[in-house]
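Okay, structure first, notes after.
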Amino acid sequence: METVDIGLWGVPLAILGGAIRVSTPFIFVSLGECLTERSGRINLGLEGTLVFGAMSGYAVAYETNSAFFGVLAAAFAGLLFGLVHGWICKFKGVNDIAIGIAMMLLGMGLAFFFGKPYVQPVAPDLPAISFGWWSSIPQVQAALQVNVLFLLGGLLAVFMTWMFRATRVGLIVRVVGDSTDAARAMGLDPDLVRLLATGVGGALAGIGGAYLSLYYPGSWNEGISSGQGLMAIALVIFARWSPANCFWAALLFGGAGALGPALQSVGVTQGYYLFFAAPYVLTLALLILTSSTERSMQGAPLELSLTK
Amino acid sequence: MSNLTRPNRRRFLGTASAALGAAATGSLWQPGAARAATPLTVGFIYVGPKDDFGYNQSHAEGAAAVKSMEGVTVLEEENVPESQDVQNTMLSMINFDGASLLFPTSFGYFNPHILELAPKNPEVRFEHCGGLWSEGNPTNAGSYFGYIGMGQYLNGIAAGHATKSKKIGFVAAKPIPQVLNNINSFLLGARAVDPGITCQVIFTGEWSLAVKEAEATNALADQGCDVITCHVDGPKVVCETAVSRGAFVCGYHADQSPLAGDKYLTGAEWNWAAVYTDMVRKTIAGEAIPNFVRGGLADGFIKMSPLGPANSDAARKQFEAVKAEIMAGGFAAIKGPLKDNKGNVIAADGQAFVETDVALESMGYLVEGVLGSTS
């Protein structure tokens, strides 16, 4: 390995690399949650789905020796979790937030239980595409190793933006999310739409989990998520329920998370605990800067239990 | 949880019914016979999952060795945070499961948690890994540890021979004395090969944070570190990330050669099975365990992974020579003239802190040549 001394350039490079490496789970979970919330429900269980997706993806990839099957299995497991949440929430008097918390704990518990035998084995990794061919600097090449799932996440954000704006499916989800009565008057079944939206949202979160265990950091253990699923749910509100904004917010979070280690590596070593808080400080600062007394919940689906 | 902290009613009922039982059966039973036959219940508490390829796994392997002993029941609880939670776990092991020997294995369990519970439970023995038991601490508590810094010194020798960039990297969890000792030893080992080598350290702030460990390893590789080791609970992520960046790996806690393949130089491993079975045997036999137990390579507390294929002949030769010196006893990694990385003198010319020196266990500095800071 011939390395080039890149000195302080390491920091912006680490932020760029970190944004690409760390953001993918945030992208998938927040896009999944965005879809679910646009249909008028909150699924807090996605943290559990993420962890279970990481476990099932890793386990299946190890058993079948194919990372691709791992991702499929994680998506399927996430779909099941989403459908259970969506199905329970259709009953009268059920609170979606409470069910979400229950599903989160269930997902994590099941993942820990079934995941025990898979902490040690090494499963195959997902492939990455190298976008750093133009550079002769190995650090740049390493930072620009982009995983297929990251690109898919970007495409998905564009697709969902278009879907909500211009397609019939998008319209149906939005109507159900904004007014149950209007949806019924149109002859739609709000429960069915929400069930499907929660199921697909869960599947996306499962894929995010598979990225964690199959690519970066690339192994299964019980602390793999450390709350990333919950942060991604918060990102949706931060992104004002817009899929494109979810993508940018996820990038921002990933990049800010890389700041702490990168600063230490170039010699800014005092107060690293403070730099580790960068993503949260950044979120708070942005929320305060973009806040308004007049349009506090702009963009929020009207049927969401947050707004009711 | 408040019922856990008020165990007296339960204990009273237990004792009372035993007394009634003894009274009822009277002469048929010899008093004390039941007590002697009581099997020993031993509790192990881990801060993370017990199969993490690292610290907790090394202890769980020790617990497994105890499990196979005659007349011993082993309790284990994993993922117990270094907070009030560990007190609750210890109390429930004592009060509900009848444990009389506890091995809370994480550094942060000692102060204040063990120090708080030990005086209240005088019949229980608390054996803590890594803490510094000192005169005035409860006598039914004790601390044991191994001089694994020597293992990191040997890691450093292998690293010093393998590095081309003369920069080596260390992913560390928290700036506590044992971690600092490992970082310093790693660098000093490498400097025994080439005094121009520097060691970049990155603290992640927690014992187990997979994503941050991967980011830290990437940041080290970006800065040109070509040999990387770590002191986190589960070295799996650091190993795999370092190898994917083309860096050599020195292992820690357990043998990670299956993860790093040809890139694995060597590793500093724990060997708790010998320590735990000995302590349990002493407890059953009624012998006292010293409050302060330490041991190194020569005592079988730690061991080195077999040298990997990437080590040069010169590296092997120096490694074996220094290892023999350490085995003979009285080896000092920290010896004068030596300054810390802020310029303060740590050891004057001729002064040496041998591996067994207790002063090393309250180390708060990083030596000259380590790039990093403790806060």
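As they're listed, the protein sequences go chains A and B. Residue numbering for the first sequence follows the working numbering, starting at 386 and increasing by one per position. Residue numbering for the second sequence follows the working numbering, starting at 2 and increasing by one per position. For glycine and all other residues, C-beta sits at the position ideal for the given N, C-alpha and C. Since we're looking at a predicted model, the values are computed, not measured.
- [ ] Enumerate, from N- to C-terminal direction, the unbroken beta strand (DSSP E) stretches of 3 or more residues contained entirely within the region 231-283 of chain B.
- [x] 249-254, 265-271
Open item on the list: Using C-beta distances below 7 Å, list every residue in its chain close to Ala-211 of chain B, excluding the 5 sequence neighbours before and after it, in chain order.
Closed with: Val-238
TODO: Determine, using beta carbons only, whether Glu-695 of chain A comes closer than 9 Å to chain B.
DONE: Lying outside 386 to 693, the shown extent of chain A, residue 695 of chain A is not represented and no answer is given.
Task: Contact list for the region 198-214 of chain B against chain A, Cβ threshold 8 Å - done: Gln-201, Val-202, Ile-203, Phe-204, Thr-205, Gly-206, Ser-209, Leu-210, Ala-211, Val-212, Lys-213, Glu-214
Open item on the list: Checking the sheet assignment: what are the DSSP bridge partners for Ser-209 of chain B?
Closed with: In DSSP, Ser-209 of chain B forms no bridge with anything.
Open item on the list: Let me make sure I understand the geometry here. Which of A:Gly-471, A:Leu-573, A:Gly-433, A:Ala-582 has the alpha-carbon closest to that of Ser-611 of chain A?
Closed with: A:Gly-433
Open item on the list: To the nearest angstrom, how far is the alpha carbon of Val-368 of chain B from that of Lys-343 of chain B?
Closed with: 8 Å
TODO: With 8 Å as the C-beta to C-beta threshold (strictly closer), list the residues of the region 51-65 of chain B near chain A in chain order.
DONE: Asp-52, Asp-53, Phe-54
TODO: Could you check what DSSP says for Ser-374 of chain B in three-state terms: helix, strand or coil?
DONE: coil
TODO: Under 7 Å between beta-carbons, which chain B residues line up against Leu-398 of chain A? List them in chain order, please.
DONE: Asp-223
Task: Three-state secondary structure assigned by DSSP to Thr-26 of chain B - done: Only weak support exists for where Thr-26 of chain B lies, its pLDDT of 43 falling under 50; the value from the coordinates is given anyway. If DSSP states are grouped into helix, strand and coil, Thr-26 of chain B belongs with the helices.
- [ ] Return yes when the Cβ of Asp-223 of chain B is within less than 9 Å of the Cβ of Ala-363 of chain A, no when it is not.
- [x] Given a span of 386 to 693 for chain A in the structure shown, any question on residue 363 of chain A remains unanswerable.
- [ ] For my contact list, Phe-187 of chain B and Ala-220 of chain B are in at a C-beta cut-off of 8 Å; report their separation, rounded to the angstrom.
- [x] About 18 Å; that fails the 8 Å criterion.
Open item on the list: Does the contact criterion of 3 or more C-beta pairs under 8 Å hold for the region 600-616 of chain A versus the region 480-487 of chain A?
Closed with: no
Open item on the list: What does the Cβ neighbour count give for Trp-208 of chain B, buried or exposed, with the cut at 16 atoms within 10 Å?
Closed with: buried
Open item on the list: Residues of chain B with CB closer than 7 Å to the CB of Phe-661 of chain A, please, in chain order.
Closed with: Gly-206
Task: Arg-426 of chain A vs Ser-627 of chain A beta-carbon contact at 9 Å - done: no
- [ ] Show which residues of chain A have a CB atom less than 7 Å away from the CB atom of Val-238 of chain B.
- [x] Pro-602, Ser-604
Open item on the list: Quick check on the burial criterion: 16 or more other C-beta atoms within 10 angstroms. Buried or exposed for Phe-146 of chain B?
Closed with: buried
TODO: Flag this pair as yes or no: are the beta carbons of Ile-198 of chain B and Gly-370 of chain B separated by less than 9 Å?
DONE: yes
TODO: Go to Lys-304 of chain B, then tell me how far its beta strand (DSSP E) extends in each direction, as first and last residue.
DONE: 303-305
Task: Within chain A, the residues that Ala-217 of chain B reaches when beta carbons sit closer than 7 Å - done: Pro-646
- [ ] Out of A:Cys-419, A:Arg-406, A:Ser-424, point me to the one whose CA is closest to Asp-574 of chain A's CA.
- [x] A:Ser-424
- [ ] Count the other CB atoms, across all protein chains shown, that sit within 10 Å of the CB of Glu-362 of chain B; report buried if there are 16 or more and exposed otherwise.
- [x] buried
Task: Validate contact between the region 564-574 of chain A and the region 652-659 of chain A using beta carbons, cut 8 Å, 3 pairs - done: no
Task: Buried versus exposed, by CB contacts within 10 Å (16 or more), Glu-124 of chain B - done: exposed
- [ ] Report the neighbours of Thr-242 of chain B on chain A: residues whose CB is nearer than 8 Å to its CB, in chain order.
- [x] Pro-602, Gly-603
Task: Bridge-paired residues (DSSP) for Asp-341 of chain B - done: B:Val-368
Open item on the list: In whole angstroms, give me the CA-to-CA distance for Asp-86 of chain B and Lys-121 of chain B.
Closed with: 17 Å
Task: Extent of the continuous beta strand (DSSP E) run through Gln-332 of chain A - done: The structure shown does not extend to residue 332 of chain A, since chain A is modelled only from 386 to 693, so the question has no answer here.
Open item on the list: Does chain A have any CB closer than 9 Å to the CB of Ala-220 of chain B?
Closed with: yes
TODO: For Ile-391 of chain A, go through chain B and note every residue whose CB falls closer than 9 Å to its CB, in chain order.
DONE: Asp-223, Gln-224, Gly-225
Task: Which of helix, strand or coil DSSP assigns to Ala-38 of chain B - done: With a pLDDT of only 44 at Ala-38 of chain B, under 50, the local geometry of the prediction cannot be trusted, and the value read off the model is given with reservation. Note: Ala-38 of chain B maps to helix in three-state DSSP.
Open item on the list: the ligand PLP and Met-280 of chain B: does any heavy atom of the ligand fall closer than 8 Å to the residue's C-beta?
Closed with: Absence of the ligand PLP is noted for the structure shown, with no ligands found whatsoever.
Task: Contact belief for Tyr-148 of chain B with Arg-295 of chain B at Cβ below 8 Å, rounded distance in angstroms - done: 7 Å
- [ ] Would you be able to state if there are at least three C-beta pairs under 8 Å between the region 262-273 of chain B and the region 83-98 of chain B?
- [x] no
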